[in-house]
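All letters in the sequence shown, in the order written, are residues 124 to 393 by our numbering.
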Amino acid sequence: MVTKSFVLALIAAMLCLTPPARGQTAPKLPDGPGKEAVVTYCSGCHGLNRVANSGYPQAYWHTAVRMMLNFEVPIPADQINLVTDYLAKNFPEKPKPVANIIPGPARIDIKEWQVPIPGSRPHDPLATRDGAIWYTGQMTNRLGRVDPKSGQIREYPLKTPLTAPHGLVEDTSGNIWYTGNNQSLVGKLDPKTGAVTEYKMPDPKARDPHSLAFDQSGILWFTLQQSNMIGRLDPGSGDIKLVTAPTPRSRPYGVMVNSKGVPFVALFGT
Numbered sequence: 124m125v126t127k128s129f130v131l132a133l134i135a136a137m138l139c140l141t142p143p144a145r146g147q148t149a150p151k152l153p154d155g156p157g158k159e160a161v162v163t164y165c166s167g168c169h170g171l172n173r174v175a176n177s178g179y180p181q182a183y184w185h186t187a188v189r190m191m192l193n194f195e196v197p198i199p200a201d202q203i204n205l206v207t208d209y210l211a212k213n214f215p216e217k218p219k220p221v222a223n224i225i226p227g228p229a230r231i232d233i234k235e236w237q238v239p240i241p242g243s244r245p246h247d248p249l250a251t252r253d254g255a256i257w258y259t260g261q262m263t264n265r266l267g268r269v270d271p272k273s274g275q276i277r278e279y280p281l282k283t284p285l286t287a288p289h290g291l292v293e294d295t296s297g298n299i300w301y302t303g304n305n306q307s308l309v310g311k312l313d314p315k316t317g318a319v320t321e322y323k324m325p326d327p328k329a330r331d332p333h334s335l336a337f338d339q340s341g342i343l344w345f346t347l348q349q350s351n352m353i354g355r356l357d358p359g360s361g362d363i364k365l366v367t368a369p370t371p372r373s374r375p376y377g378v379m380v381n382s383k384g385v386p387f388v389a390l391f392g393t
C-alpha cells in the first residue's frame, strides 16, 4: 500500500508547468502522406519538436526509423517506408552554419574510448567513486566500465534479453543500479562478481523505467516515462511502490533528491 506521505512528497516535488512550456509546444508538421504516422509513432520517447528541428538525408532517417523498431516502437511494416519518406522529404539535410573562428590560443583535449561491440549505443555515463566511468549499452544488453587511466574496458552482460538499459546510479556498497526500458525492471549489478539482481515492476501497466536516484536513507527512486509513473524501491526488502503523476501523459523523466530527501521529478511531456 502506498502511504499518504509518499504520494504527497512526490506531488509537492514535481516540476510541472500548468501551461505547456514554450519549448515543448507541439509543432505543426507539414501535411502529406505519412504525417499521421509520424505523429503517432515518433512522439513516444521524445517530443515532435526534435523531429521538426532536425534535418538529415534519407539514409539517416532510414537508420533512425530502424533504431525505433529495435526499441519496439510498434510501427506497422506497411508504414515503415511511409514514415521514412515523409521525414526525408519534409526534413532534409540542412546546410551547416559557417564557423566563426575566434582569434587567440586555445587548448582542448578530447579523448575517446571505442566500446568493444560496435552499435552498442552507449548511454547515460556514470562516474563512480573509484574513478571509473560506467555506461549502459542499450543495444547490446550490457553495462560497461571504463578505466580512464588505463583505457581498459570491461562489459557485464545482463540477465534478461533485450533489457535496453538506460539510467545508472551507484549505491554505497559500489553496486551499479540500472533501469531496463524494454523489460519493465530495475536491476543491480555487483561489479565484484558480475551477479545481476532484477526487480520486476509489480504492475503490468508500469512500463519504461527511465532515470533513477538514491535518497539519503538508501531508498531508490525512479521514473517510468511511458506509463506516467514514479517508483520507490527499497533495496533491503525489494518492495516497490508506484504512483501515477497527477498530469496525464506528463512523461516523468529525470529525477533528483534534495538535501531533505525529497525527490524532484522533471515531467518531460508538460
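All C-beta atoms in this analysis are idealised placements derived from N, C-alpha and C, irrespective of residue type, glycine included.
No experiment lies behind these values; they were computed from the predicted model shown.
- The Cβ atoms of residue 358 and residue 341 lie closer than 8 Å to each other.
- A direct Cα-to-Cα measurement between residue 329 and residue 263 gives close to 23 Å.
- Here the alpha carbons of residue 291 and residue 249 stand approximately 6 Å from one another.
- About 6 Å separates the beta carbons of residue 335 and residue 302, which is inside the 8 Å limit, making them a contact pair.
- Remark: C-beta atoms of residue 351 and residue 194 do not approach each other more closely than 8 Å.
- Listed as beta-bridge partners of residue 347 by DSSP are 332 and 352.
- Taking the C-beta atoms as reference points, residue 160 is found no nearer than 8 Å to residue 210.
- Residue range 299-303 is occupied by the beta strand (DSSP E) that includes residue 299.
- By the Cβ neighbour-count rule, residue 240 is exposed, with fewer than 16 other Cβ atoms within 10 Å of its own.
- Excluding the 5 residues flanking it on each side, residue 180 has same chain C-beta neighbours closer than 6 Å at 216, in chain order.
- Taking 8 Å as the upper bound for CB-CB distance, residue 347 and residue 371 are not in contact here, some 14 Å apart.
- In the DSSP assignment, residue 363 falls within the beta strand (DSSP E) that extends over 363-367.
- Per DSSP, the unbroken alpha helix (DSSP H) holding residue 187 starts and ends at 181-193.
- With respect to the C-alpha of residue 247, the residue from 316, 238 and 261 having the closest C-alpha is 261.
- 8 Å or more divides the Cβ of residue 265 from the Cβ of residue 276.
- DSSP places residue 323 in the uninterrupted beta strand (DSSP E) bounded by 319-323.
- Between residue 312 and residue 298, the beta carbon gap of about 6 Å places them in contact (Cβ cut-off 8 Å).
- A distance of 8 Å or more separates the beta carbons of residue 369 and residue 338.
- Residue range 265-269 is occupied by the beta strand (DSSP E) that includes residue 266, with no alpha helix (DSSP H) assigned at that position.
- Residues of the same chain with a CB within less than 7 Å of the CB of residue 331, apart from the 5 flanking positions on each side, are 304, 347, 348, 349 and 350 in chain order.
- Sixteen is the threshold: when 16 or more other Cβ atoms of the shown chains lie within 10 Å of the Cβ of residue 388, as they do, the residue is buried.
- Listed in chain order, the non-local C-beta contacts of residue 380 below 8 Å within the same chain comprise 336, 337, 338, 339, 344, 386 and 387, local neighbours out to five positions each way being set aside.
- Put simply, the backbone Cα of residue 320 is about 44 Å away from that of residue 230.
- In the DSSP assignment, residue 175 falls within the alpha helix (DSSP H) that extends over 171-175.
- For residue 163, the three-state secondary structure derived from DSSP is helix.
- Annotation for residue 250: the continuous beta strand (DSSP E) segment containing it runs 245-250.
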